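Numbering (the working numbering), first residue to last: 444 to 831.
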């Protein structure tokens, strides 16, 4: 039997449009020379609510505190792009709408940096009469997210980059800019935390040489060969795709991985995300730029995330390049579960709450000493543990 939806009333506060009053009250100006002409201030006094929330509205919400869907007047769609406060939404008939977000909904989701993300399934009301017949609307409800790729922003809030994707394609380059293994580990943890399937794409494989080494993420990880790092991830069971936008190597394999799935691409600026998408889906003509020869850093070409359809089936989401990827909502105690080689050894630790850093009887440390866990991955875990 279908579960009966429960509804309840909720009081939602609104932020004032103006946090600072234009001028303060000056009661002395109400004084008149004659006492009998003194105005009774109790009759004209204006009472203001305390705090930033001075107005409230009562709305109906469901068990997830989301506004109740009005199927008669709202339409369902998927967010394809977010530009400022304007969300571009495709409805079920593939018609594009420009939508804003209902203020009450922004208030309900105020803890996030953005209440609506690319890939969100939303309900919106239609208001073409407000824009000379153009398809415009207002997002009234965001459906619960099945998966998400999130990071922590500078204000320590959740920044959801993409919602409801199937897999994360972590695009890294072996040179220009050089491979950063610790950043790859971060992408893997972020994918697993958001319930995304991680796939690793090692781009610019045409630049591979025997003496090519990774960029130093830690003094204890100096001089690691690129080939050894790629082999390490393969041994851990992760799907690794060597590709080249110059020679076309690995593009067929990449197309097969992307087919019939919603894939979010993540990686630093300059690793070649847009170049790969241009090869997979000719005709998009996404802007690309060269990497600086002086510091081997890429320059931003993709400025916002966008859901792009593929002729072969599925979608890809090209995201802006991010050099630092701070993990969101990963507790120190759960980090061990995202390092797959740790999992078989965890039950053998002497202490049930072992953090695998310096405890006596730690099976993970013993596995590192035996060579069953690589030192690079172990030091990457330690660095991530301190950060979360």
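C-beta: ideal position from N, C-alpha, C; glycine also. Everything numeric in this text was worked out from a predicted model, so none of it was measured.
Going by other Cβ atoms of all chains shown within 10 Å of its Cβ, with 16 needed for buried, is residue i buried or exposed?
| i | result |
| --- | --- |
| residue 610 | buried |
| residue 801 | exposed |
| residue 812 | exposed |
| residue 787 | exposed |
| residue 718 | buried |
| residue 563 | buried |
| residue 670 | exposed |
| residue 708 | buried |
| residue 777 | exposed |
| residue 824 | buried |
| residue 607 | buried |
| residue 573 | exposed |
| residue 528 | exposed |
| residue 636 | buried |
| residue 539 | exposed |
| residue 520 | buried |
| residue 827 | buried |
| residue 654 | exposed |
| residue 583 | buried |
| residue 815 | exposed |
| residue 710 | buried |
| residue 510 | buried |
| residue 616 | buried |
| residue 599 | exposed |
| residue 585 | buried |
| residue 702 | exposed |
| residue 593 | buried |
| residue 634 | buried |
| residue 775 | exposed |
I'd like the span of the alpha helix (DSSP H) that includes residue i, first residue to last.
| i | result |
| --- | --- |
| residue 698 | 694-701 |
| residue 823 | 818-830 |
| residue 567 | Not the alpha helix (DSSP H): residue 567 falls in the beta strand (DSSP E), residues 564-569. |
| residue 718 | 716-723 |
| residue 812 | 806-813 |
Which residue or residues does DSSP assign as beta-bridge partners of residue i?
| i | result |
| --- | --- |
| residue 610 | 640, 706 |
| residue 650 | According to DSSP, which records beta bridges pairwise, residue 650 is partnered with nothing at all. |
| residue 542 | 530, 580 |
| residue 616 | 646 |
| residue 605 | 561, 592 |
| residue 585 | 565 |
| residue 656 | 668 |
Between which two residues does the beta strand (DSSP E) holding residue i run?
| i | result |
| --- | --- |
| residue 524 | 517-526 |
| residue 786 | Residue 786 -> no beta strand (DSSP E), and no H or E assigned at all. |
| residue 677 | Careful: residue 677 lies outside any beta strand (DSSP E), inside the alpha helix (DSSP H) at 669-678. |
| residue 683 | 682-685 |
| residue 598 | From DSSP, residue 598 is part of no beta strand (DSSP E); its letter is neither H nor E. |
| residue 573 | Unbroken run through residue 573: none, as it is neither H nor E. |
| residue 749 | 749-752 |
| residue 761 | 758-761 |
Would you grab the beta carbon distance between residue i and residue j for me? Rounded to a whole angstrom, and I think it's under 8 Å.
| i | j | result |
| --- | --- | --- |
| residue 530 | residue 579 | Actually they do not touch by this definition, with Cβ atoms about 11 Å apart. |
| residue 768 | residue 629 | 5 Å |
| residue 785 | residue 759 | In fact, because the Cβ distance is near 31 Å, the residues do not count as touching under 8 Å. |
| residue 642 | residue 682 | 5 Å |
| residue 729 | residue 678 | With a Cβ gap of about 34 Å, residue 729 and residue 678 do not count as contacting. |
Report yes or no: do three or more beta-carbon pairs, one from the segment 680-689 and one from the segment 639-649, lie closer than 8 Å? Contact holds: three or more Cβ-Cβ distances are below 8 Å.
Counting pairs of beta carbons, one from the segment 691-706 and one from the segment 621-629, are three or more of them closer than 8 Å? When Cβ pairs closer than 8 Å are counted between the two stretches, the segment 691-706 is seen not to touch the segment 621-629, the count staying below three.
So, do the segment 567-574 and the segment 507-522 have three or more beta carbon pairs nearer to each other than 8 Å? The segment 567-574 makes contact with the segment 507-522, as at least three CB pairs between them are under 8 Å.
Three Cβ pairs or more, each shorter than 8 Å: is that satisfied between the segment 781-797 and the segment 745-764? Not touching, per the Cβ criterion.
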